[in-house]
Every structure is written in structure tokens, then in C-alpha cells.
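Enquirer: Structure in C-alpha cells, see below.
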Amino acid sequence: MVAKQTVVSRGLPVLRTLVIFVLNCDLFPGADTTCDFLNMTLLFQVAFLFTVKEQQCITLKENTKTAAVFRKAGAILFEKRMYLLECRIGIGVDYRGTESKTQNGVLCQKWAENSPHIPNFKPSAYPNASLEENYCRNPDRDPRGPWCYTTNPEIRFDFCNIPECEDECMHCSGENYRGKVSTTESGVTCQAWASQEPHTHGYIPSKFPEKNLISNYCRNPDGEPRPWCFTSLLTKRWEFCNIPRCATSPPAITGQQCLVGNGEDYRGNVGVTESGKTCQSWASQEPHAHGRTPENYPCKDLKANYCRNPDGETKPWCYTADSSTRWEYCNIAKCDDVPQQVPQQVDDCYYDNGSSYRGTTAVTTTGKKCQAWASMRPHRHSKTPSAFPHADLRRNYCRNPEGDTAPWCYTIHPDTRWEYCNLKKCANSGTSQTLTPNMDCRVGSGRDYHGHIATTVNGRTCQEWQSQVPHEHTSFTPETHPRSRLEKNYCRNPDGDTNGPWCYTTDTNKIWDYCDVPQCPASDAGCGKAKYPPLLCFGRIVGGCVSKPHSWPWQISLRVRYNNFHFCGGTLIQPQWVLTATHCLDRSPNPTFYKVSLGLHTEAGLEPSTQHRNVEKIFKEPSRADIALLKLSSPVKITNEVIPVCLPSANTVVADGAECYVTGWGDTKGTGGDGLLKETGFPVIENKVCNRPEFLNNRVRNHELCAGNIDGVSDSCQGDSGGPLVCEEEGRYVLHGVTSWGLGCARPMKPGVYVRVSHFIPWIIRTMSNN
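Going letter by letter, the sequence shown gives residues -33 to -1, 1 to 738 in mature numbering (1 follows the signal peptide of the UniProt record, and there is no 0).
What follows is the structure in C-alpha cells.
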């Protein structure tokens, strides 16, 4: 064994071992066939891209933590697990993370450099040790774990504080626990995360890939003091699991004395809220009892009464010493106040290549929702707001930070890394095109194109999808993609390629090529797709965030027939059917008492687009849930201003944190915007969290859902009852909630409650069919 402290001669070079990996792509999302055997060197190949159309695996020397892996449409990135872990197994010989500081916070020296220390362990002499950059490693199998040479001339080397991988034990509150315990502390078997029985829930594994919600193993996806699971007993929704704490301490967080991001690593001494209230000590239960204690959150530095952010809030906060105010945010100075660039262009179209686009579109050409630029979920990337400070990478808005051909974004779909956005060039950009309605054409990327064009842009004849000659393929056949209508040799887009429909060709030298299918003119959007794109405002209804006129065309106003008085909202789900809340119908059991107004932006409803219908029949949900159907006196006319919303599938559950929107003409508490349709966007909150004592204290039932911001800045209010809570899915809006009740309006810790529409789909369909 080579000593760290003494300089010795290098031994014989280590023979690189050639390893053959069998990559069964059926085990990976998005891959359709088994890749061929690949010859990889264990040292140099750490990742690969599988390209779906070409059926090729491209090996990479880099991974997403050490380099910016390029974007590629129709490609799926796979990385070796060892390069993704930021923990060690055993003594950490195989540790390949990116920690580059010692346990005392000293920056590591690069392994390939000779200053300030001449190393005994160099990349050329120890090729299998992955001595990259200045990352902590354990090339000599030191029993104390990974180490590095330091940049301090007086300290030759030191060990790094790399935590154990939490397979058998947990650090902190078990947020990173990845073990296989699957029974609760009382011995009850856990429910599988992918299952919705016996308990429906919003922790859907595909929506939270970083939470490792595998099988029915205990996990902590929501900031509880320790791992837990939903149970297999109908009488007990969830329970904690008994996971032992690891013997070693977790790595200490280098604290910030100012605000970076949302301040989770803030370790300063501010103990006063933004309104000037003194903070309550975290260890105290007076005046407010709570669970955010130093014992429950040992890694969050909950010292004294200093402002902290232990649960991923928008910024540091604290419980206050004022018995009438439970908690407030703190006013922490930012570490670097980078001036915000003035938006250059806010149109819903773009000029040139869209580098100056500053609009709020956040949907791709195939209808996929964009991932937030600051997020690494589900796709890790290097296009962050800090890396591109002048690109205006706000929220998940479409942008072009790198000079691509058009605005784009990473998507929230794990199997689609990125796509161009659903934006057109502005009219004066010189690229507008007039098409006649009867052309064989496509909408967007042509995912739904079912026309008869069968030649490529270069004039090649398409190969039949059923045929395997001249090009053998198994990824895209009528059997593998039955919904894509892979008929004969017609051009199709079964994989949602952003550039449009394509086909395999009859040219032996060209496997596949794009087809020249023109864009269609505007056509009827069907359900859930407005003619006028919504503002998507994260302002507040209580506070007057006024919507774009007619951007929520399924919103209706429920009125008293004899005086035209608006008192509730509702949602158009079919030309003759409206969904609202049962409590909105308490004024009278007689349907002739009510009327419905549609196609209006102002509460007065004086626009030419407004349609009025009397109510013919009322159908209240038989089990007395707060949801009711109204049959109108006659079907409404579907126009640009009146379009029905889409209904969800039966018993569909919205994922925790899903971004949804509420609209209405309700009370604004004197904040302005009265008489105009308002909107607000906020996340869905899992019922398990919403029923915590500090929220709604077990008042929310299984057929209801919560949505809102825990700081109380946005909410629905009186007059919004019965209205829609919609969530975007594949480019259309789906009705997931009917505004039902809440404890006040926009109160902190009191999100709104909505009837879960998917729970009542069988009743809705049955009622409309029989009446």
C-alpha cells in the first residue's frame, strides 16, 4: 500500500479492465428494445444515451455532475449509479461523488497537480480510482474513508466527511434513506407507493423520481421527522417506520450568513420576522406547540430562535413569540443582489431565434409542461438562472439561453428531456404562412397527425410500419404503438419528435427521415384548450390577479334568474352540463330559480360573447358530497369564448405539488380587480400534509383535495364556490376540483379545500347518460 505522507516511486501501470455490459433497454423508461452488447471500459464510460429511432447507444465519458451533457430529442440518458451517489458504501473505495472539501472545510487540491503538495496518487498511476478534478476519493482503501490532498500548504491531506449511503440506517430525518424496511413501527405492512389502494394519495413515483418511491419501502418524501409509509390497513392511513440512525454523523453544511436561493443553508443569527416580531425558540413549545424541533430535525441547525428553513419553504421563517401570530417569514439579506434584467419582449410569439422572448408560455409543442430552470427534477442540467443570469430563466417559462433555433425548455416528463416550445414566430418576422383548411396538415409537432402523406422532405418513399424491410425495427410498429395509427406507410409522429412526423424510408442508405407535413390553421380546440392562452398567474384571486379575457372559457357564472345576481361559479363540462358545488344550491331547490352565464369576462356579463341558459334540472351527489350537476335548458354554442373543460379519468389522483389554477369573480377583500375574472395558481397539497394539526387538522376527507400556499398569499374566496380547479395535462386543462370550503380566505396555514372530481366520475357519467 502506498503511503500518503511519503513520496515513493510509481509502480507498474494498472491494466485497464475491459468490461462487457449487457444493457437491457426494456428495463429503462422510453427504450423499446434490447440494446446490443456494448464494449465499455469501466474507467472511461460512465453514461450513455439511448436514441430511440436509431436504436443506438452512445457512450459518454462524462456524467451530469461533471459536465453539461448535451440535449438531444428522442434520447434517454442513463448513468451508472455510482456516479450519482453523494454517499459512500463501506469505506468509500467506489465513491464517485463531487465533494471537494475536507471535513474541516478546506478545499481539496486537484489530483493531477503538484502544488502545494506533490501527490503519491495521480490519475495516470491509478486509472481505476477515478481521480478526477479535486474530488474526494479513497485510492488506497483507507479504512477511514475518502480523503484528498488539501490546498493548505501546512496540511498535506485530510479526510472528507462523506456520509454513509442510507441503506441500513438514516441520517438527519431520513430524507435520503434508501433501505428496504417495509413495515411500520407497529408492524403493519406498507402499501406500495405505485398503488392507490387501500389509500389514494398524491405521492406518485413517476412524479417524484428523486424521492426513490420504490415498492412499498419506507421513505420520507414530505419532510416528516423520519421515514413513513401508507399502510395496508384501511383503518390506518399512514404510520412512521423504525429506521435506526447511522453511527457516523452526516456531513456538516457550510452555512450561509445571507440568503442564497430559498435559504435552506442559511445559518445566520437573525431572530426577527419581516414584520418585526421576535422569533420563538425552536426548542420551546410556547406560545406555539409544533413539531419543528431540534430533535426531529437534527441537521437543520435549529438553534436558539434563529430564522431557518427546515422544510423547503420559499425562504427562512420562524414561529413567533406573539401568541396571535403562529409564524412569519424573515427578512434575510441576499448574498448577491443581481439586478433583474428588464424583460425585452413579452409577446406570445418570438422574433428571430427567440433569444429575447420573455413571455410566460411554459408548454412544449407536444403539450408537455416545462420543468423549472432552477429545478433538477426530473432532469439534471446546467442551464440554471445563476449560470445564465441574462437569459431571464424565471420559473419554467420557455427561453433560449444558448442561441438555439427557437425557445425551448426541459420537460417534467422523465422520458422526454427537452422540447421546443409551443410558440409561433411573430407576424412581422417574415415566416408567417397561410394555409387552406382542407390541406393534409398537422397541429404542433403532429403527434396526432393521421393524414396520408407518405414521402419524406427529400422525396424518399416511406417504408410500411408493419414491414421490417429494408430496415429492421421493433421500436415503432402498429403493435407497440396502437394509438399512433401506424397505418400503411403514412408519415406519423409516434414519439412526439419536436420537428414533426417522420417515417422509415425504402432507401437502404437512409433509415428514417422527416416528412413535409405543413402546419394546420387554427381549428377547434376540443375540451380543455382555450383559444386565448391564459396568463398563468401566481398572484392571487384574493388580491386581484385579473385573467386574460376568455382564457378560461369553461368558467361559468351561476346567478339568480330574476335579478341576474352572481353568487357562485361553476364549470362547463359538456354543451348542456355544468358542474358546481351543492352548497351553491341552498338558496332554492327549484331549478327555475337559477340561470347560468357563459363566455363572459366581466361579472356584469355585457360582452357580445356572453350566452345565458336557464337551469332545467338539478342533480345533487347522492352521498351529500359538495358537488352537483346542472342540466341547462338547451346546449350552449361552442365558440372561442365558450369551451368545455376536460374531465379526469375515474379515481385519478393529482400528485403532491402539482401546479393547478383556480378562477372566479369572488371576494377580493378590497384589494382591487372587482368585477373581472381573476385567477391564481398554487400547488396541490397531499391530504396527509393538509391534515396536519397546523393546517386543517384532519378535516379533509378522502373525496376532497387541498391546494394553496402555506403562507396564505393566494386562495379562492366567497363567490368562487363551485368554480373550477384545473391542472394542465398534455397541453389541455383537466377539471380536478370543485371549489368547496376553507377556513377564511388566504389565511396562512389554511389552504382551500376542493371536491375531488375524479372520485365522482362514474356518478357524473351515469347522470348525464340517463338524463
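Glycine included, each C-beta is placed from N, C-alpha and C at the ideal position.
1. Output the distance between the C-alpha atoms of Tyr481 and Leu390, rounded to the nearest integer angstrom.
2. Return the first residue and the last residue of the beta strand (DSSP E) that Ser524 is part of.
3. So, with DSSP's three-state summary, where would you put Lys357?
4. Between Gly146, Pro650, Gly493, which lies nearest to Asn607 when the distance is taken from Cα to Cα?
5. Answer with buried or exposed for Leu(-7), where buried requires no fewer than 16 other C-beta atoms within 10 angstroms of its C-beta.
6. Any idea what DSSP makes of Val724, helix, strand or coil?
7. Counting pairs of beta carbons, one from the stretch 73 to 80 and one from the stretch 93 to 106, are three or more of them closer than 8 Å?
8. Short of 8 Å in beta carbon distance, which residues of its chain neighbour Glu152, apart from the five on each side in sequence? Order them along the chain.
9. On the DSSP letters alone, give me the boundaries of the beta strand (DSSP E) that Lys655 sits inside.
10. With 16 as the cutoff for other CB atoms within 10 Å, does Lys68 come out buried or exposed?
11. With distance defined between alpha-carbon atoms, name the residue in Leu565, Ser518, Ser349 nearest to Gly536.
12. Give a yes or no on contact between the stretch 253 to 266 and the stretch 286 to 306, applying the rule of three or more CB pairs nearer than 8 Å.
13. Indicate the three-state DSSP secondary structure (helix, strand or coil) for Ala674 in the structure shown.
14. Can you list, in chain order, the residues of its chain with a C-beta nearer than 7 Å to that of Trp730? Leave out the 5 residues immediately preceding and following it.
15. Considering only residues of the same chain and omitting the five flanking positions on each side of His166, which have a CB-CB separation below 7 Å?
16. Go ahead and pull the three-state DSSP assignment for Asp(-8).
17. State yes or no: is the C-beta of Ile478 within less than 8 Å of the C-beta of His438?
18. Have a look at Leu702, Gly698, Pro94, Glu696 and flag the residue whose alpha-carbon is nearest the alpha-carbon of Gly689.
19. Would you please state the rounded distance, in angstroms, between the beta carbons of Gly112 and Arg55? I believe it to be under 8 Å.
20. Using C-beta distances below 7 Å, list every residue in its chain close to Pro381, excluding the 5 sequence neighbours before and after it, in chain order.
21. Between the beta-carbon of Val563 and the beta-carbon of Leu525, is there less than 8 Å?
22. Could you name the residues of the same chain whose beta carbon sits closer than 6 Å to that of Glu570, not counting the 5 residues immediately before and after it, in chain order?
23. Out of Ser451, Glu671, Tyr324, His726, point me to the one whose CA is closest to Asp464's CA.
24. Hey, quick one: how far does the beta strand (DSSP E) through Trp294 stretch, first residue to last?
25. Whose C-alpha, out of Trp469, Asp315, Thr378, is nearest the C-alpha of Tyr416?
26. Here's a check: name, in chain order, each residue in its chain whose Cβ is nearer than 8 Å to the Cβ of Lys515, leaving out the five neighbours to either side.
27. Suppose you measure from the CA of Leu10 to the CA of Asp61; what does that come to, to the nearest Å?
28. Which same chain residues, not among the five before or five after Ile420, have their C-beta less than 8 Å away from its C-beta?
29. Pull the bridge partners of Asp480 from the DSSP assignment, please.
30. Using only the alpha-carbon positions, how far apart do Val237 and Asn128 sit?
31. Reducing DSSP to helix, strand and coil, say where Ala96 ends up.
32. Just to confirm, are Thr378 and Lys335 a CB contact at a threshold of 8 Å?
33. Alpha carbon to alpha carbon, how far is Glu142 from Glu133?
34. According to DSSP, is Lys391 helix, strand or coil?
35. Between which two residues does the beta strand (DSSP E) holding Ala214 run?
36. Do Ala548 and Met705 have their beta-carbon atoms positioned less than 8 Å apart in this structure?
Expert: This is what the structure holds:
1. Here residue 481 is taken as the residue at index 514 of the sequence shown, counted from 1. Here residue 390 is taken as the residue at index 423 of the sequence shown, counted from 1. Roughly 20 Å between the two C-alpha positions.
2. For the purposes of this step, residue 524 is taken as the residue at position 557 of the sequence shown. Counting along the chain, the beta strand (DSSP E) containing Ser524 begins and ends at 522 to 527.
3. The sequence position of residue 357 within the sequence shown is 390, counting from 1. The residue you asked about is not Lys; residue 357 is His in the sequence shown. Of the three classes helix, strand and coil, the one that applies to His357 here is coil, per DSSP.
4. Within the sequence shown, the letter at position 640 stands for residue 607. Ranking Gly146, Pro650, Gly493 by Cα distance to Asn607 puts Gly493 first.
5. Reading the sequence shown from its first residue, position 27 is the one you call residue -7. Unreliable positioning characterises Leu(-7) in this predicted model, as indicated by a pLDDT of 32, which lies under 50. The coordinate reading is nonetheless provided below. The residue in question, Leu(-7), is exposed, as its Cβ has fewer than 16 Cβ neighbours within 10 Å.
6. Residue mapping note: residue 724 aligns to position 757 of the sequence shown, counting from 1. Three-state DSSP puts Val724 in a helix.
7. yes
8. Here residue 152 refers to the residue found at position 185 of the sequence shown. The answer, listed in chain order, is Glu206, Phe207, Cys208, Asn209.
9. Counting from one through the sequence shown, the residue named residue 655 turns up at place 688. Premise fails: Lys655 lies in the alpha helix (DSSP H), 654 to 657, not in any beta strand (DSSP E).
10. Residue mapping note: residue 68 aligns to position 101 of the sequence shown, counting from 1. Looking at its Cβ environment, which holds 16 or more other Cβ atoms inside 10 Å, Lys68 is buried.
11. Indexing the sequence shown from 1 puts residue 536 at position 569. Minimum Cα distance to Gly536 is reached at Leu565.
12. yes
13. Residue 674 sits at position 707 when you count from the first residue of the sequence shown. Strand.
14. As a first step, residue 730 must be located in the sequence shown, where it is residue number 763. For Trp730, where only same-chain residues beyond five positions count, the Cβ hits under 7 Å are Glu588.
15. Residue numbering aside, residue 166 sits at position 199 when the sequence shown is read from its first letter. Result list for His166: Gln158, Phe197, Arg204, in chain order.
16. For the purposes of this step, residue -8 is taken as the residue at position 26 of the sequence shown. Here the model assigns Asp(-8) a pLDDT of 33, short of 50, so the residue's position is not dependable, and the following value carries that caveat. Asp(-8): helix per DSSP, three-state reduction.
17. Counted from its first residue, the sequence shown places residue 478 at position 511. Counted from its first residue, the sequence shown places residue 438 at position 471. A contact, by the Cβ cut-off of 8 Å.
18. Taking the sequence shown and counting its residues from 1, one reaches residue 689 at position 722. Of the candidates Leu702, Gly698, Pro94, Glu696, the one whose C-alpha sits nearest the C-alpha of Gly689 is Leu702.
19. Taking the first residue of the sequence shown as 1, we reach residue 112 at position 145. Taking the first residue of the sequence shown as 1, we reach residue 55 at position 88. Yes, Gly112 and Arg55 are in contact; Cβ-Cβ is about 6 Å, under 8 Å.
20. Taking the first residue of the sequence shown as position 1, residue 381 is located at position 414. Hits under 7 Å: Pro(-5), Ser173, Pro176, Pro345.
21. Taking the sequence shown and counting its residues from 1, the one referred to as residue 563 is at position 596. Taking the sequence shown and counting its residues from 1, the one referred to as residue 525 is at position 558. Yes; because the gap between Cβ atoms is below 8 Å, this pair is in contact.
22. For the purposes of this step, residue 570 is taken as the residue at position 603 of the sequence shown. Answer for Glu570: His533, Trp632, Gly642, listed in chain order.
23. Mapped onto the sequence shown, residue 464 falls at position 497. Looking at the Cα atoms, Ser451 is the closest of the given residues.
24. As a position in the sequence shown, residue 294 is number 327, starting the count at 1. Start and end: 294 to 296.
25. Position 449 of the sequence shown holds residue 416. Of the candidates Trp469, Asp315, Thr378, the one whose C-alpha sits nearest the C-alpha of Tyr416 is Trp469.
26. Stepping through the sequence shown from its first residue, residue 515 is reached at position 548. Only Tyr499, Pro500, Pro501, Leu502 meet the Cβ criterion.
27. Taking the sequence shown and counting its residues from 1, the one referred to as residue 10 is at position 43. Taking the sequence shown and counting its residues from 1, the one referred to as residue 61 is at position 94. Because Leu10 sits at a pLDDT of 42, beneath the cut-off of 50, its placement in the model cannot be relied upon, and the following sentence gives the value as read from the coordinates. Rounded to the nearest angstrom, the two C-alpha atoms are 12 Å apart.
28. For the purposes of this step, residue 420 is taken as residue 453 along the sequence shown, with counting starting at 1. So the qualifying residues of the chain are Asp407, Tyr457, Cys458, Pro468, Cys482, Asp483, Val484.
29. On the sequence shown, residue 480 is found 513 positions in, with the first residue counted as 1. The partner list for Asp480 (beta bridge, DSSP) reads Cys470.
30. As a position in the sequence shown, residue 237 is number 270, starting the count at 1. As a position in the sequence shown, residue 128 is number 161, starting the count at 1. So the alpha carbons of these two residues sit roughly 28 Å apart.
31. The residue given as residue 96 occupies position 129 in the sequence shown. It is helical.
32. Residue numbering aside, residue 378 sits at position 411 when the sequence shown is read from its first letter. Residue numbering aside, residue 335 sits at position 368 when the sequence shown is read from its first letter. Contact: yes.
33. As a first step, residue 142 must be located in the sequence shown, where it is residue number 175. As a first step, residue 133 must be located in the sequence shown, where it is residue number 166. Computed Cα separation, rounded: 9 Å.
34. Taking the sequence shown and counting its residues from 1, one reaches residue 391 at position 424. Reduced to three states, the DSSP call for Lys391 is strand.
35. Counting from 1 along the sequence shown, the entry for residue 214 is found at position 247. Neither: Ala214 is in no beta strand (DSSP E) and is coded neither H nor E.
36. Mapped onto the sequence shown, residue 705 falls at position 738. Mapped onto the sequence shown, residue 548 falls at position 581. Contrary to the premise, residue 705 reads as Val rather than Met in this sequence. Closer than 8 Å, so yes.
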